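First comes the structure, then the notes that go with it.
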Amino acid sequence: MIVKVNNKEEYFKYLNSIPVAIVIASAKTGLILHANPKAEALWMRSADDLVGKPQTTLHSDYWNAKGRETFSTDIAALESGQSITHVKNAALRSDGKEVPIEITAIMVEIDGERALVGTFISIEAREKAYVELHERERELNSIFENSQIGIMYLKGGRYLYKANQRLADILGYDSPEEMEGISMEQLHLSHERFVWFGEHHYKPLSNNESSHINYELRKKNGERVWISLSGKAVDSSKPADLDKGVIWIIDDISDYKALEEKLVSQNKRLENLLENINGISWEFDLRENRFVYVSQNAKHILGYEREEWTDLDSWKMMLHPEDREETAAYCMNETQKGKDHLMEYRMVKKDGSVIWVLDIVSLGRDKEGNPISLFGFIIDITQQKNDRLKIESDHEHLKSTLKELEVKSALLDFQAHHDALTGLPNRTLYYDRIEQAIQKAKRNNSKFVLFFIDLDHFKEVNDSLGHDIGDQILLESSKRLSSELRAEDTLARLGGDEFTVLLENIEKISDATHIAQKIIETFRKPFIIEGRTIYLSCSIGISIYPDDGTLSSDLLKYADNAMYKAKDEGRDNFQFYTKEMTELAFERVVLESNIRQALINDEFTLYYQPQFNGSTKEIIGMEALIRWEHPSLGLIPPSKFIPLAEESSLIIEIDNWVMKTAMKQIKEWYDKGLSPGVLSLNLAIKQLESAVFLDTLKKRMDESSFLPEWLKLEVLERDVMRNPQDNVEKLNLIHKLGVELALDDFGTGQSSLTYLKRFPLDELKIDRSFIKDINQDAEDDAIVMAIIALAKSMKLNIIAEGVETEEQLSFLLDNGCQNIQGYYFSKPLNAIAMEKLLKE
Ligand SMILES: Nc1nc2c(ncn2[C@@H]2O[C@H](COP(=O)(O)O[C@H]3[C@@H](O)[C@H](n4cnc5c(=O)[nH]c(N)nc54)O[C@@H]3COP(=O)(O)O)[C@@H](O)[C@H]2O)c(=O)[nH]1
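Just so we're aligned: 153 in the UniProt record's numbering is position 153 of the sequence shown, and the numbers increase by one with no gaps anywhere.
Quick look at the structure:
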């Protein structure tokens, strides 16, 4: 039945008070006749705006098209007085947004005209809630399906109502669906366990509490699987109706269980190990300040019961008092720094004995990394410690020995390369420096200069004033030389009075000349040693690299040759090396080797110069004088080779030969009944200084049965006066044999009258140089007369040598010198000539 409304205004007014959106449209035209305030709000349009507009303006084209699909049926129903309810549609608002609505419509007749009265209820919130609900359900399903935790939903007792994929995987089923409907008993290992589980874990869920258990279930294939189970009743009332459902959350903990078992067995093994190995393992809880574990062998190793390990102090009391505070402080300090650490300290055992231990400490930490406990392992290292202490002490000893050796070796090295007296580089080091200088000069294409310096007459000074003074002169010499040289120059002492200098970085040769000159000058200053004033000079030979040579040995040899040249030139000067010097030096070397050869080849012969009584003209003796009958050079006089022989020990060999030969000859002449008189032999100073000379002399005399009174030894005045103290003693020993002694070349050697008096002399031999100018040089005349007077006053015989003229003879005889040697009477004769003379 269609409702009829007679008062349109009243009706519209009434509709305006209804709190639901109502729109009235003409059934005939479809134009809107009225819209109440709720309709205005729904469409966000004023009633004025809506009225007169077609009702299709209320919806979008989509919904109008949808409406048209059911239009004829809907209209027919409405025409027949039925209502249309719960029709879903959407209100198209003025802002273009569509709001879901539910429409209820009836047909009314207003003032005779039929109209459709539509009630519009917004279902936006409901729709939204529905969508959200649907979405949540979908999400839950997705979580359920995809969860990595197995979920089982039991319902209607202990039957599986729903399961997820993960559960099927854990229990070995193909799909969750395969599990649906199975009894839980099927999953338990046995019926008994199923019952037990029901009692202890299923039924208690009715208290509405959760249940958690790690439990073993059986898989579909019969294998066992460890799972963790958490259950909760679905019904939240108390007691809960379990038939409504129970949810079990299940996780596969097989791996964890396997690990747990492994850990348990490992722990067991570790515990066994800790208890059985030879050390004490311990654990200390830092928060509670107490030992929570100490292995049993603490008792065996230290004697303390497990119970005695209580807090930190209990441990400290077990430490040696000297180590106690320091060790504990170190341990705490390292712990605070969060560092594992090692400690070595001494522990006092229960029986009072002390052992050294190594304590290996590591830190246990909480989740934040803060140290909460200490784990330690104490090992007895007494033996090792003692061994180490011994090794350390041995090592220290070794180190000091090595140090000593190093010092000694450095000292030896220094000694090997330096001269002991002056501390200057020696020959070895000097050669080394020259080699370096050569390399440098080669690289830089530069020159350097060598000096060979020899002190003039040093030997005489050394012999006469003694070695101590000689040493001081050498020291002073090295100082003077150093002061004239630059720091980069090398001054060396090769031995004796020989010094060498290496001058590098010489810009011009005149610089070397300048330095040589300065050295010469510095030596001219007197040496004041022990209150004595000694005058010396030096001779310098100079060679230049590479002008004179490129080998160190050559350069030194050439400087040496040049030094000889400086000596030959009167000493106290310097000479640069020239090639000719090498030739001279070569000659000297050749001569020396030839002398040796001559001794072997018996090339020497003796001449005898007779000595006469100038008044009676009788032979009173003869001087043996050596000659060298060189196979190719003929007769060589002694002046050519004796000085060289005197520089070496060759003179001893020569004079021994002379002594032997002359004694044999004189003895032969005596044996022949001839009167050769006294044999004069020249005694070289080297011979006199020789320790074996006295024995050699006696031996020679014994060999040839030569009587001491037949022999006179001539020593040079200048030689004996160099070291008179020593020589006095030696001459005394010779004299005691009954051998006469003559002072040769007297007048030239600056004799000290004191020593002259002390020497056991028999004769003075006036030097030929004074005889030569007798009657021509008044001074010489005076000297000769003074010598004769001196000899007489000292009750010594006197003999003059080099007497060549009648005048010289007369002068000597007139002045009391009877004994004469000289060409006036006879030149030196060979043995045959002498024998002939003796026979005459
Ligand atoms: N250690 C040794 N020295 C020796 C030996 N033989 C000789 N000499 C020493 O050699 C120097 C030179 O000797 P020599 O050439 O034999 O000359 C001697 C005489 O020949 C020479 N003499 C003698 N009388 C005269 C003379 O009237 N005029 C003159 N011009 N010369 C003369 O004097 C030399 C002897 O001198 P001296 O020995 O000082 O008496 C010489 O120093 C020898 O000593 C030897 O075997 N061993």
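Backbone N, C-alpha and C define an ideal beta-carbon position, used for all residues, glycine too.
Note that the structure is predicted; figures quoted are calculated from it, not measured.
- Shown here, Tyr824 sits in coil according to DSSP, grouped into three states, outside any helix or strand.
- A straight-line Cα-Cα distance of about 8 Å links Asn370 and Gly338.
- Distances from the CB of Ala624 to the heavy atoms of ligand 1 include at least one below 7 Å.
- The nearest non-hydrogen atom of ligand 1 is 7 Å or more from the C-beta of Arg443.
- Scanning its chain for C-beta atoms nearer than 7 Å, with the 5 sequence neighbours on each side dropped, one finds around Asp351 the residues Gly303, in chain order.
- Counting C-beta atoms within 10 angstroms of its own C-beta, His514 has fewer than 16 neighbours from the protein chains shown and is therefore classed as exposed.
- For Leu683, there is no enclosing alpha helix (DSSP H); the enclosing beta strand (DSSP E) has its first and last residue at 678-683.
- A straight-line Cα-Cα distance of about 41 Å links Asp313 and Ala258.
- Between Leu475 and Gln725, the alpha-carbon positions lie close to 24 Å from each other.
- Residue pairing of Cys538 in beta bridges, as defined by DSSP: Leu455.
- DSSP places Gly198 in the helix class (H, G or I) of the three-state scheme.
- Not one heavy atom of ligand 1 sits closer than 7 Å to the Cβ of Gly570.
- Beta-bridge pairing by DSSP links Glu801 to Gln821.
- The beta carbon of Gln609 sits closer than 7 Å to at least one heavy atom of ligand 1.
- Pairing Ala487 with Lys447, the inter-Cα distance amounts to about 18 Å.
- Remark: three or more beta-carbon pairs, one from each stretch, lie closer than 8 Å, so the region 494-501 and the region 452-460 are flagged as touching.
- Assignment of beta strand (DSSP E) within the region 559-645, counting only whole runs of 3 or more residues, yields 574-576, 604-613, 618-630, 634-636 in chain order.
- Using a C-beta cut-off of 8 Å, the region 132-139 makes no contact with the region 27-35, since fewer than three inter-stretch Cβ pairs fall below that distance.
- Listed in chain order, the non-local C-beta contacts of Asp471 below 8 Å within the same chain comprise Leu421, local neighbours out to five positions each way being set aside.
- In this structure, ligand 1 has no non-hydrogen atom nearer than 7 Å to the beta-carbon of Tyr564.
- With contacts defined as CB atoms closer than 8 Å, Leu160 and Ile143 fail to qualify as a contacting pair.
- Apart from sequence neighbours up to five positions away, no residue of its chain approaches Asp174 with a beta-carbon distance below 6 Å.
- DSSP places Leu474 in the uninterrupted alpha helix (DSSP H) bounded by 467-484.
- With respect to the 8 Å criterion, Ile619 and Leu838 are classified as neighbours on the basis of their beta carbons.
- The secondary-structure analysis by DSSP pairs Met663 with nothing; it has no beta-bridge partner.
- Judged by DSSP in its simplified three-state form, Leu813 adopts helix.
- In this structure, Asp781 has its beta carbon at no less than 7 Å from each heavy atom of ligand 1.
- Distances from the alpha-carbon of Glu717 to those of Leu363, Glu435, Ser464, Val131 put Ser464 closest.
- Sequence-distant partners of Tyr535 (beyond 5 residues in either direction) whose C-beta falls short of 6 Å from its own C-beta, in its chain, are Pro526.
- For Gln597 and Gly634, the gap between their C-alpha atoms comes out near 15 Å.
- Less than 8 Å divides the Cβ of Asp762 from the Cβ of Leu796.
- Lys447 carries a coil assignment under DSSP once its states are collapsed to helix, strand and coil.
- By the neighbour-count criterion, in which a residue is buried when 16 or more other Cβ atoms sit within 10 angstroms of its Cβ, Trp356 is buried.
- DSSP places Leu737 outside both helix and strand once states are collapsed to three, so it counts as coil.
- Approximately 35 Å separates the beta-carbon atoms of Ser254 and Trp282; this is outside 8 Å, ruling out the contact.
- For Ala90, the enclosing beta strand (DSSP E) begins and ends at 84-92.
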